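**Student:**
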Amino acid sequence: MSRIFVFFLVFFVFISCFARIYETPEKCIERYGKATGEYTNKDMLEVKEFRRSGFVITCIFIDGKCHHIEYNKDSGKISWPEAKLLFEKNSGAQSNELGLDKDIWSYKGVYAEYDDVLFIVHARKYNLYISKLNRERAERVLKGL
């Protein structure tokens, strides 16, 4: 019984410390402290990198809101349960509502619509990318994958 409690406690702490789509830079800094890297990317968008709980989290901001999050795990592979939970926390949807399953790891680019918002998931065994974009920008991103 105590192992189950500890597992859920650790899992809750694990997921609660990660950024959410549409958070402001200030909220991201509040969530995990000072950014370990800050720069403007080639598209002239603000980028902040954070290190938390064994992950490097890269957030890209459009108009002051986080529209793209990349999770890279220091220790190697991101497991399917981790990826599923991160996506659900960022989308507000359950993965089965979006038609996503563990086969996501075999796709180069996947997108799903939920509540009139387009989500793009680009998953590899070592990275998980989640973007929340308008359709035009999302189509350009998908072509680039």
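Just so we're aligned: 369 in the working numbering is position 145 of the sequence shown, and the numbers increase by one with no gaps anywhere. For glycine and all other residues, C-beta sits at the position ideal for the given N, C-alpha and C. Quick caveat, the model's predicted, so the values are computed rather than measured.
Indicate the three-state DSSP secondary structure (helix, strand or coil) for Glu247 in the structure shown.
**Tutor:** coil
**Student:** Output needed for Leu269: all residues of its chain with C-beta closer than 8 Å, excluding positions within five of it in sequence on either side, in chain order.
**Tutor:** Ile284, Phe285 and Ile286
**Student:** Would you mind giving the Cβ-Cβ distance between Asn314 and Ile253, rounded to the nearest angstrom? I have them listed as a contact below 8 Å.
**Tutor:** So it is not a contact: roughly 18 Å between Cβ atoms.
**Student:** Just how far apart, CA to CA, sit Trp304 and Thr248?
**Tutor:** 27 Å
**Student:** Please determine, among Lys308, Phe311 and Ser299, the residue with the shortest C-alpha to C-alpha distance to Gly278.
**Tutor:** Ser299
**Student:** With 16 as the cutoff for other CB atoms within 10 Å, does Lys272 come out buried or exposed?
**Tutor:** buried
**Student:** Alpha carbon to alpha carbon, what distance is there between Leu309 and Lys297?
**Tutor:** 14 Å
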